[in-house]
Structure formats: structure tokens, C-alpha cells
Amino acid sequence: MRISAVLRGGLAAMACVLATVTQLQGQAPGYEFFDGTGGNAADAPIVMVLHGAMGSGPQVRRSSGFDDWAKAAGVVAVYPSGAGRLWNDGRFAANARRQDLAARDDVGGLIALVRALEAQGLGDADRLYVIGHSNGGGMAMRLACDRPDAIRGIAVVATKVLKDVPCAHGDVPVPAVFFYGTADELNPHAGRSDATSRRDRNLGYSWSAEESLAIWARRNGCAARGATQGIDGTDDGVSVTRWDWTGCAAQLRYFETAGGGHAWPGVPLRRAMLLDRGVPEVAVTDINAGQEALRFFFGMD
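If you read the sequence shown in this note's numbering, its first letter stands for residue 8, the second for the next number, and so on.
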């Protein structure tokens with residue numbers, strides 16, 4: 008049944024309305040839903056896929072092709088849309104022009120949405136995993152910082168740890184897998200600082216890829232970076248290296264795409280949504296971030 012009410016209060020208000028509905032199917036304003044279990048969703052893990060800036064739930068669902076991977080893994084997938092096509096991942100607190108966004112409780116709204124789905128038998132909210140691209144990756148990290156008790160694992164695509172965003176529970180280990188392209192011009196491999204462009208400064212200062220991973224290695228109590236695994240099965244002009252850390256309290260994995268950019272790995276470029284259409288990109292076909300995230304979450308190697 009489609010909910011016809013027009014919801015203007017963001018995800019938190021939407022979730023309150025959803026909780027009163029006796030049956031949900033397909034999609035409703037604010038999010039799209041896919042049952043990859045074939046009708047046995049009640050006890051299934053929920054994988055939330057978060058779009059990047061200027062994206063939407065329907066856009067990331069279409070461009071990522073994640074429904075196919077959700078079906079293969081037997082999980083349910085939910086694709087929320089952030090109000091104004093942005094997520095409050097914490098980077099806007101210092102921006103005087105975006106205090107409306109900085110004050111918005113997207114963490115509470117997303118958790119409320121998942122609980123509302125569970126109340127309708129559409130997944131197990133205690134088995135919540137989050138995949139986020141760009142601004143959505145920042146939101147995935149904020150969820151892990153603010154509500155590590157509610158998150159079983161995160162996958163972060165094409166965004167580094169933001170320097171000015173505090174992590175409320177940064178000492179609580181959370182399984183995490185990261186996907187970074189060395190030629191990402193929107194979220195540079197070396198991080199964003201005063202030396203970068205005004206556009207990049209407006210996106211928030213960030214640590215480098217190496218520093219971001221070191222932060223997560225400390226958080227997850229990892230002893231050392233383990234052996235590498237090269238992945239270069241296609242002629243796409245890039246090569247992928249996978250690292251797994253050892254001795255961790257919570258697992259940490261990293262896919263580095265040499266020559267890869269900002270786009271979601273495995274997504275055809277004609278379907279990718281980028282913050283700046285002028286940024287050069289290359290299609291990465293050696294891996295698909297959605298598939299690899301599910302392998303990481305559920306030990307499907």
C-alpha cells in the first residue's frame with residue numbers, strides 16, 4: 008500500500024507515520040524498499056544504502072544495482088532520501104549558512120525508520136548494516152559514532168573521515184570496510200585542507216585515506232595491517248588492492264583503487280551521480296562495492 012500523505016518533516020516525521028501503517032509494500036515518500044528474501048523479511052538483516060550529495064534513494068537504488076546483490080544475499084534493502092538531497096553527517100556545523108541542516112537529526116530519523124520497518128515485519132532492526140556513498144558514507148560513519156549499539160557494520164565509499172566532526176563513541180569498535188580511489192578529485196586521497204579549492208573547503212576538511220584508516224584501526228583495536236590481495240581481473244585501466252587488518256576487536260577492510268575516482272566501484276558511469284559533472288572518472292569493473300560490502304558483512308568470501 009502506498010502512503011499518500013505528503014511528509015514535510017524529514018525522516019523522523021516520516022517514520023512516525025510509517026509506524027501507524029498496517030502494511031507497507033514497495034515504496035513510500037522518503038524511501039524505497041526491496042525485499043530480497045522472497046517473502047521472509049521479518050527476521051532478515053536490513054541493509055540501508057545512503058546516497059551521496061544531490062542524490063536520492065531512488066537514484067542510488069538504480070545506479071548501484073543493489074537490489075540484485077540484496078536478493079543474492081537474502082537481505083532487505085532500504086534506500087532513504089535525505090531532505091534537500093543531503094545528509095547531516097556533521098560537516099555543516101561550522102557553516103553559518105547551513106545551520107538548518109546542521110540541526111537536523113538524521114541519525115534519529117534513520118534509526119526510527121528502521122524500527123518502523125521492523126514493526127511491520129520488514130526486517131530485523133537489530134541486524135542493521137549501512138552502505139554510504141560520498142556524503143552518505145559520512146552519514147554511515149556518523150551513525151557508527153552516534154549509535155554504535157544500533158549498527159552491525161558499515162561500508163564507506165569515496166569519503167574520508169571528516170576532521171571537524173566529533174565521534175561521540177569513537178572508542179566502540181564497529182566493523183567497517185572502505186573503498187577509496189586514488190584519483191578521487193572530490194574527496195582527495197590526500198584529504199582536504201586549506202591548500203585545496205574553495206569548493207573542497209566547503210565540503211569539509213578531511214583526513215587523508217591513510218589517516219582515515221589509521222583512525223579506524225585504532226578504534227577497532229587492530230594490531231597490524233595484514234597481507235595485501237591484488238584484484239585486477241578486467242581491462243578497466245585501474246587495479247584494486249585489498250587489505251585486511253589483523254588482531255582487531257571489530258573487522259577492518261580496505262579496497263584501494265589505483266586510478267579510480269569518486270564513482271561507486273562497479274557502477275557504469277552513465278548511471279553514476281557525481282557532485283560535479285566536470286570531474287573526470289573511470290569505470291571500475293574489477294569489484295562492485297555493494298557485493299563486496301555484503302561479503303564483508305556476512306563473511307561470504
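For glycine and all other residues, C-beta sits at the position ideal for the given N, C-alpha and C.
Note that the structure is predicted; figures quoted are calculated from it, not measured.
query	result
What is the rounded straight-line gap between the Cα of Arg9 and the Cα of Ser200?	The predicted model places Arg9 with a pLDDT of 30, which falls under 50 and marks its position as unreliable; any figure quoted below should be read in that light. Taking the straight line joining both Cα atoms gives about 45 Å.
Assuming Gly177 and Arg232 form a contact by the criterion Cβ under 8 Å, report the distance between their Cβ atoms to the nearest whole angstrom.	In fact, because the Cβ distance is near 20 Å, the residues do not count as touching under 8 Å.
Ala119 to Pro52, Cα distance in whole Å?	16 Å
Drop a sphere of 10 angstroms on the beta-carbon of Ser204, count the other beta-carbons inside from all chains shown, and report buried for 16 or more, exposed for fewer.	exposed
Going by C-alpha to C-alpha distance, which of Glu192, Gly240, Ala175 sits closest to Asp96?	Ala175
For Arg149, tell me which candidate among Asp113, Lys78, His269 has the shortest Cα-Cα distance.	Asp113
Evaluate Asp191 with the Cβ neighbour count: other Cβ atoms within 10 Å of its Cβ, from every protein chain shown; 16 or more gives buried, anything less gives exposed.	buried
Could you give the distance in angstroms between the alpha-carbon of Gly145 and the alpha-carbon of Ala77?	22 Å
Who does Pro87 pair with in a DSSP beta bridge?	Tyr38
Ala296 to Ala100, Cα distance in whole Å?	29 Å
Can you tell me whether Thr235 is buried or exposed, with buried defined as 16 or more other CB within 10 angstroms of its CB?	exposed
Measure the beta-carbon distance from Gly81 to Gly43 and round it to whole angstroms, keeping in mind my assumption that it falls under 8 Å.	6 Å
Is the beta carbon of Val168 sitting closer than 7 Å to the one on Ile238?	no
Within 10 angstroms of the Cβ of Leu334, are there 16 or more other Cβ atoms? Answer buried if so, exposed if not.	The structure shown does not extend to residue 334, since the chain is modelled only from 8 through 308, so no value can be given for it.
So what does DSSP say about Met146, is it helix, strand or coil?	helix
Starting from the N-terminal side, write out each stretch of the beta strand (DSSP E) that is 3 residues or longer and does not extend beyond the region 211 to 293.	231 to 238, 246 to 253, 259 to 265
If contacts are defined as beta-carbon pairs under 8 Å, then Gly325 and Val172 qualify, I think. What distance do you get, rounded to the angstrom?	Residue coverage of the chain in this structure runs from 8 to 308, which leaves residue 325 outside it and unanswerable.
Please say whether Gly59 and Gly143 have beta carbons closer to each other than 7 Å?	yes
If the criterion is Cβ atoms closer than 7 Å, does the pair Pro272 and Val291 meet it?	yes
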